[in-house]
Structures are given as C-alpha cells and as structure tokens.
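Heads up, the sequence shown is in the UniProt record's numbering, so the first residue is 1 and it goes up one at a time.
Think of the CB as a built atom: it goes at the ideal place given N, C-alpha and C, for glycine as much as any other residue.
Computed from a predicted model, the values in this text were never measured in an experiment.
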Amino acid sequence: MPRKFLVVVDDSPELGAALAYASRRARSTGGHVALLRALPGGSDEHWSGVRDEIRRQQREEAESLLTRLGEKVAETSGAPPVYLIEDGDPQAAIRKAVGDDPDIKILILAAGANGRGPGPLISAVLKQGAAFTGRKLPVTIVPGELTDEEIQDLA
1 MPRKFLVVVD DSPELGAALA YASRRARSTG GHVALLRALP GGSDEHWSGV RDEIRRQQRE
61 EAESLLTRLG EKVAETSGAP PVYLIEDGDP QAAIRKAVGD DPDIKILILA AGANGRGPGP
121 LISAVLKQGA AFTGRKLPVT IVPGELTDEE IQDLA
C-alpha cells in the first residue's frame, strides 16, 4: 500500500495550505492523502438523547466536509483520499488514526499565519515528541501563509 499523508481537517484558515501541500506530495510520490476530522465528545449522561442527535449531526457535517475537501484532494493528488472520522480531541484522534494504520507515514500540519503562533497541535508535537502519536512519525509543518505557487514549488 502506498504511504499516506495525514492531514487534520479543522476549522483553521491554514487548513488549505496543509491540504495543498499534502496533495502535491502525494502526487509526486505516488501516495495518498488521509483526511482526519475529530469530533468533540460530550459527557452529560442525562442528556443522552440530545447528545446522540448532536453526534449524528456532527458526523453528517464531518462526512459532508470531508467529501467536499476530498474532491479537490483527489483532483490535485491524482488519487482518492482516505476519510477518517474519530471521536475525541484532535490529539487523541491522531493517535488513534496513526495507531490503526501503519501506512500513515507523515503528519502534515500548517502553522498559524499572520503571526498567530504555531497552533495547538504543533505546540503539542514540539512538547511531546514521539509520544504525541505513539510511534515515530515524521511531521511536516507547512507555513500557513504560503501561496499555491510556493506550495507547488516545494512539494
């Protein structure tokens, strides 16, 4: 199986840079892009009926978002992406995805643009090292303010 480039699909403005870079790297290396969306959890048992409906809506929204993004990824990378939806915070979702799929070889993250700092996932990677994913996994940090032309040149 070709290697996979894992991209965390969040609501950050830098997501586009991570997707573009991962898609171009996948194309140039014969790999695939894995799109991961983490769904936040809830803990109020007495609201279980409401919580279940919220979870269903979150999953539908995640599937719709991944499908939309996946079309562009497939066009750019030349291969259909892998869709992953995991419950929990993004760090736990990354650990689960990486633990479940040994073909995920590189985690692609985009740094905050316009001086907003590196972002919580990059900070966690820098702080925790290999413990972040549970196995040794290279992390590529893409500057969030790169243009499409710059990304194409780098990837």
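So, with DSSP's three-state summary, where would you put Asp87?
The residue you call residue 87 lines up with position 87 of the sequence shown. Three-state result, Asp87: strand.
Buried or exposed (CB count within 10 angstroms, at least 16 for buried), Thr67:
Here residue 67 refers to the residue found at position 67 when the sequence shown is read from its first residue. Flag for Thr67 reads exposed.
Taking Cβ positions, are Ala38 and Gly88 nearer each other than 8 Å?
Indexing the sequence shown from 1 puts residue 38 at position 38. Indexing the sequence shown from 1 puts residue 88 at position 88. Yes; because the gap between Cβ atoms is below 8 Å, this pair is in contact.
Give me, in chain order, the residues of the same chain whose beta-carbon lies closer than 6 Å to that of Ala110; leave out the 5 immediate sequence neighbours on both sides.
In the sequence shown, residue 110 corresponds to position 110, counting from 1. Excluding five sequence positions before and after Ala110, the CB atoms of its chain that fall closer than 6 Å to its own CB belong to Glu14, Ala17, Ala18, Val142 and Gly144, given in chain order.
Report the residue ranges of all beta strand (DSSP E) runs contained in full by the segment 27-110; include only those spanning at least 3 residues, in chain order.
If we require 3 residues or more, the beta strand (DSSP E) runs fully inside the segment 27-110 come out as 32-39 and 82-87.
Have a look at Asp153, Ala22 and Arg135 and flag the residue whose alpha-carbon is nearest the alpha-carbon of Arg95.
As a first step, residue 95 is located in the sequence shown; it is residue number 95 there, counting from the start. Minimum Cα-Cα distance from Arg95 among the listed residues Asp153, Ala22 and Arg135 corresponds to Arg135.
Secondary structure of Arg120, DSSP reduced to three states:
On the sequence shown, residue 120 is found 120 positions in, with the first residue counted as 1. For the sequence presented, residue 120 should be read as Pro rather than Arg. Residue state, collapsed to three classes: helix.
Whose CA, out of Ala26, Gln152 and Leu69, lies closest to the CA of Leu36?
For the purposes of this step, residue 36 is taken as the residue at position 36 of the sequence shown. Cα-wise, what sits closest to Leu36 is Leu69.
Can you round the beta-carbon distance between Gly31 and Lys72 to whole angstroms, since I take them to be within the 8 Å contact cut?
Numbered from its first residue, the sequence shown carries residue 31 at position 31. Numbered from its first residue, the sequence shown carries residue 72 at position 72. So it is not a contact: roughly 16 Å between Cβ atoms.
Comparing C-alpha positions only, which one of Gly119, Asp100 and Ile108 sits nearest to Glu86?
Sequence index remark: in the sequence shown, residue 86 carries index 86 (1-based). Here the closest residue by C-alpha is Asp100.
Delimiting residues of the alpha helix (DSSP H) encompassing Leu154:
Translated into positions along the sequence shown, residue 154 becomes position 154. Looking at the DSSP string, the run of the alpha helix (DSSP H) that includes Leu154 is Asp148 to Leu154.
Answer yes or no: do Pro118 and Asp10 have a C-beta to C-beta separation smaller than 8 Å?
The residue labelled residue 118 in the question sits at position 118 within the sequence shown. The residue labelled residue 10 in the question sits at position 10 within the sequence shown. Inclusion of Pro118 and Asp10 in the CB contact set at 8 Å is not warranted, their separation being larger than that value.
What would DSSP say about His6, mapped onto helix, strand or coil?
What you label residue 6 is simply residue 6 of the sequence shown in a count that begins at 1. According to the sequence as given, residue 6 is Leu; it is not His. Here Leu6 sits in strand by DSSP.
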